[in-house]
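**Student:**
Residue numbers (this note's numbering): 1353 to 1506.
1. Give the range of the alpha helix (DSSP H) segment to which residue 1432 is assigned.
2. Helix, strand or coil for residue 1402 per DSSP?
3. Taking the continuous alpha helix (DSSP H) assigned at residue 1477, which residues delimit it?
4. Counting C-beta neighbours from all protein chains within 10 Å, is the total for residue 1495 16 or more, i.e. buried, or is it exposed?
5. Would you identify the three-state DSSP class for residue 1460, choosing helix, strand or coil?
6. If you follow the beta strand (DSSP E) that residue 1371 is part of, which residue opens it and which one closes it?
7. Please tell me whether residue 1466 and residue 1358 are closer than 7 Å, where the distance is taken between their beta carbons.
8. On the DSSP bridge list, what partners appear for residue 1395?
9. Per DSSP, which residues does residue 1441 bridge with? Please list them.
10. Can you tell me the Cβ-Cβ gap for residue 1425 and residue 1500, rounded? I've got them flagged as a contact below 8 Å.
11. With a CB to CB cut of under 7 Å and the five nearest residues on each side skipped, what residues in its chain are close to residue 1416?
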């Protein structure tokens, strides 16, 4: 299975890859998202270490039970060859109604078919008030005209 755009990345193809990942994660479909990762993909997400699509699917399923009304924005930070570095922020609330903005960085490495074989994510959560939220759009992908991280000074 091939997942374009394929490495080696150009600035435009890296931006396309980042936006495709953002759109997929905002769709919150763990099974569909897992298909973008190599069968034996390895992750470090915060302090959790995952390997393979089954573990990725289980992780994402757990994530969105806990992280409600999730809205994510990703932005390309750097790229070279088969690697992309991303910065991101997402907003969500827990089951008690407390809102958070989570900030982080990801390092991605892709195989020749454009599947992500390595994802290393560092993430910090900041409690916010509901009126401090900046990500306002209906469920699903961020609208094309919604500001990105740099536009929001995040």
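C-beta atoms are modelled at their ideal positions from N, C-alpha and C, and glycine is treated no differently.
**Tutor:** The short version:
1. Position 80 of the chain shown, counted from the first residue, corresponds to residue 1432. It is not in any alpha helix (DSSP H) - residue 1432 instead sits in the beta strand (DSSP E) that spans 1420-1432.
2. Within the chain shown, numbered from 1, the residue matching residue 1402 stands at position 50. In the structure shown, residue 1402 sits in a strand (DSSP, three-state: E or B).
3. As a working mapping, residue 1477 is identified with position 125 in the chain shown. Counting along the chain, residue 1477 falls outside any alpha helix (DSSP H), though it belongs to the beta strand (DSSP E) covering 1468-1480.
4. For the purposes of this step, residue 1495 is identified with residue 143 of the chain shown, where counting begins at 1. When all chains shown are included, residue 1495 counts as exposed.
5. Here residue 1460 is taken as the residue at index 108 of the chain shown, counted from 1. Strand at residue 1460.
6. For the purposes of this step, residue 1371 is identified with residue 19 of the chain shown, where counting begins at 1. Per DSSP, residue 1371 belongs to no beta strand (DSSP E); it is in the alpha helix (DSSP H), 1363-1379.
7. Here residue 1466 is taken as the residue at index 114 of the chain shown, counted from 1. Here residue 1358 is taken as the residue at index 6 of the chain shown, counted from 1. Yes, Cβ-Cβ distance for residue 1466 and residue 1358 is below 7 Å.
8. Your numbering for residue 1395 matches position 43 in the chain shown. Beta-bridge pairing links residue 1395 to 1402 and 1471.
9. Position 89 of the chain shown, counted from the first residue, corresponds to residue 1441. Per DSSP, 1425 and 1455.
10. Translated into the one-based positions of the chain shown, residue 1425 becomes position 73. Translated into the one-based positions of the chain shown, residue 1500 becomes position 148. Contact flag correct, Cβ pair sits at about 6 Å.
11. Position 64 of the chain shown, counted from the first residue, corresponds to residue 1416. Closer than 7 Å at the Cβ level, and outside the excluded window around residue 1416, lie 1380 and 1422.
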